[in-house]
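Numbered by the working numbering, the letters in the sequence shown go through residues 1017 to 1510 in order.
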Amino acid sequence: MGSALPQVDFVLQKKVSEKLREFLPARCVLWQEEDTRPYECDGLTAYRRLPMVVALPETDAQVQRILQTCHALGVPVVPRGAGTGLSGGALPPGDGVLLSLAKFMRVIRVDPLARIAVVQPGVRNAAISDVVAPFGLYYAPDPSSQIACSIGGNVAENSGGVHCLKYGLTVHNVLRVRGYTIEGAAVDFGSEALDSPGCDLLALAIGSEGLLAVTTEVTVKLLPKPECARVIMASFDDVQKAGDAVAAVIGAGIIPAGLEMMDRPATHAVEQFVHAGYDLDALAILLCESDGSAAEVEDEIARMKQVLEAAGATRLAVSRDDAERLRFWSGRKAAFPAVGRISPDYYCMDGTIPKKRLGEMLNFIGTLEKKYGLRCPNVFHAGDGNLHPLILFDANDPEQLQRTEAFAAEVMEKCVEVGGTITGEHGVGVEKIDQMCAQFNSAELEIFHAIKRAFDPKGLLNPGKAVPALSRCAEFGRRHVKTGAPPHAGLPRF
């Protein structure tokens, strides 16, 4: 499995480092192995590669010069935020520059009347809400990694969170993105107005995984904090019933602020970790939140309870105060670190399916657990059908990693089969690049490549990510027919 680590071209490394140090302080150019090792992977730790050089700019002008220099030298560039991504989108180039935006941590401007904040890409997601809290405002998208993930990474992957059903993903909460192309040309997507002239390039930029431009500034929408919020914890004795209950809530015309699902293995792992008060006898639980005025919340909670009871809920617990509400959510937010306590490694997947197929998908994953001999707790952004199965394995065992990859591939391809997609918010990166071949045909992929060429003719910005070469899809098809579950080829592993 995998290939040998690429040999460092020391002549090129020296040349690139020297060119960058012409305008960057020495502390901002890393090339010694002990200095570059922390950048060898993002949150998808199964795939690692040492960057040839790491650049840590401190100003927009430096970002521009780095890109111009690398473009002139024909050297690949991979932009990186906080490194919490889970699809290998920040896997560094062994023959290029990893461009870290970690020092871009300023909140440039807050306008409470217009309800916007202008921030640099290194600002943490949760920090935005902290800064604007005195104005009674907050930033709605709340990925589980929000205390660590950066807004630039959220833009790259179009991140969501537990409240995305009502308040949307990053694309619904960002007004403008500014940055630079690989040639160092300034680009400006969107505006502070509700709309901007021309094609909607803002939506194209958000979720483009660093393939089109390097983000240096983001303007986000802010929302008033709800007057109150309460959450129902609903227990079910069958995962199919829980999945059907999600569709029933939405079908009743209710749009909860949050609608999350966890199966029994996930709740058991979480309860040992944070003691959220989950029902450990249930085979699945739903967390259904309502927010708004006190009257609105009271009415919506009552309506949701009726729907959940009719859908077969065996127990309903409603948060009595905000502390209990936050405790219920703390378990869902801590799901990933919780499973990290019970397994040497875990592989967090991300796919999206029609809500009515949630129960079917959980049962399918159960059959794969038996087929591959691997445990897989499940957490879902159930309201929008976004799955996050967590395959537990030991990365020190190459055979287990091989089984894990095959398990994940089957789940992703099942998502496509039932009318869904291979990613909801984590991006494609290197993790799902083969499954792009199952999701899209060659004509559709060629359109993606044409867009890439329009921004980056030489293909230097985050190469090898998100959009597979057509030749790779041809090979994928041949392997898939032969083996049923293709391995990820050419990615070094540890």
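Glycine included, every Cβ here is placed at the ideal spot set by N, Cα and C.
Rounded separation between residue i and residue j - CA only
i	j	result
residue 1324	residue 1317	10 Å
residue 1172	residue 1223	5 Å
residue 1081	residue 1053	24 Å
residue 1074	residue 1115	11 Å
residue 1368	residue 1440	6 Å
residue 1264	residue 1327	7 Å
residue 1174	residue 1414	32 Å
residue 1113	residue 1200	15 Å
residue 1090	residue 1379	49 Å
residue 1506	residue 1319	Unreliable placement is indicated for residue 1506, whose pLDDT of 44 sits below 50; the coordinate value is still reported in the next sentence. C-alpha separation (whole angstroms): 52 Å.
residue 1145	residue 1041	33 Å
residue 1166	residue 1493	36 Å
residue 1335	residue 1345	10 Å
residue 1482	residue 1458	14 Å
residue 1501	residue 1381	The pLDDT assigned to residue 1501 is 46, lower than 50, so where the model puts this residue is not dependable, and the model offers no usable value.
residue 1471	residue 1463	13 Å
residue 1125	residue 1245	29 Å
residue 1181	residue 1029	46 Å
residue 1448	residue 1465	17 Å
residue 1118	residue 1191	22 Å
residue 1331	residue 1147	38 Å
residue 1488	residue 1108	20 Å
residue 1281	residue 1375	15 Å
residue 1410	residue 1257	32 Å
residue 1495	residue 1484	15 Å
residue 1423	residue 1388	7 Å
residue 1025	residue 1055	18 Å
residue 1390	residue 1105	25 Å
residue 1396	residue 1373	12 Å
residue 1421	residue 1163	29 Å
residue 1503	residue 1062	Bear in mind that the predicted position of residue 1503 carries a pLDDT of just 42, short of 50, making it too unreliable to give a figure here.
residue 1196	residue 1293	47 Å
Residues sharing a beta bridge with residue i, DSSP
i	result
residue 1127	1132
residue 1112	According to DSSP, which records beta bridges pairwise, residue 1112 is partnered with nothing at all.
residue 1368	1402 and 1437
residue 1408	1362
residue 1041	Looking at the DSSP assignment, residue 1041 forms no beta bridge with any residue, so it has no partner.
residue 1154	1239
residue 1355	For residue 1355, which the question treats as bridged, DSSP gives no partner whatsoever.
residue 1093	1113 and 1477
Environment of residue i [buried if 16+ CB atoms lie within 10 Å]
i	result
residue 1407	buried
residue 1233	buried
residue 1129	exposed
residue 1291	exposed
residue 1371	buried
residue 1364	buried
residue 1490	exposed
residue 1213	exposed
residue 1120	buried
residue 1398	buried
residue 1085	buried
residue 1392	buried
residue 1438	buried
residue 1295	buried
residue 1337	exposed
residue 1098	buried
residue 1225	buried
residue 1305	buried
residue 1297	exposed
> Of all the beta strand (DSSP E) runs that stay within the bounds of the stretch 1178-1238, which reach a length of 3 or more residues?
Replying inline: 1190-1196, 1202-1206 and 1230-1237
>> For the stretch 1202-1221 against the stretch 1284-1303, do three or more pairs of beta-carbon atoms, one drawn from each stretch, fall closer than 8 Å, so that the two count as touching?
In response: no
> Using 8 Å as the Cβ pair cut-off and three pairs as the minimum, do the stretch 1253-1273 and the stretch 1338-1351 touch?
Replying inline: no
>> List, from N- to C-terminal side, the beta strand (DSSP E) runs of 3 residues or more that fit wholly inside the stretch 1225-1310.
In response: 1230-1237, 1244-1252, 1274-1279 and 1300-1308
>> So within the stretch 1427-1475, which uninterrupted alpha helix (DSSP H) runs reach at least 4 residues, ignoring any that extend past its ends?
In response: 1452-1455 and 1458-1471
> Would the stretch 1065-1073 and the stretch 1031-1039 be scored as touching if the rule is three or more Cβ pairs under 8 Å?
Replying inline: yes
>> For the stretch 1440-1456 against the stretch 1416-1431, do three or more pairs of beta-carbon atoms, one drawn from each stretch, fall closer than 8 Å, so that the two count as touching?
In response: yes
> Do three or more CB pairs link the stretch 1245-1255 to the stretch 1356-1365 at distances below 8 Å?
Replying inline: no
> Can you give, in chain order, each stretch of the beta strand (DSSP E) that sits fully within the stretch 1024-1077 and has at least 3 residues?
Replying inline: 1069-1071
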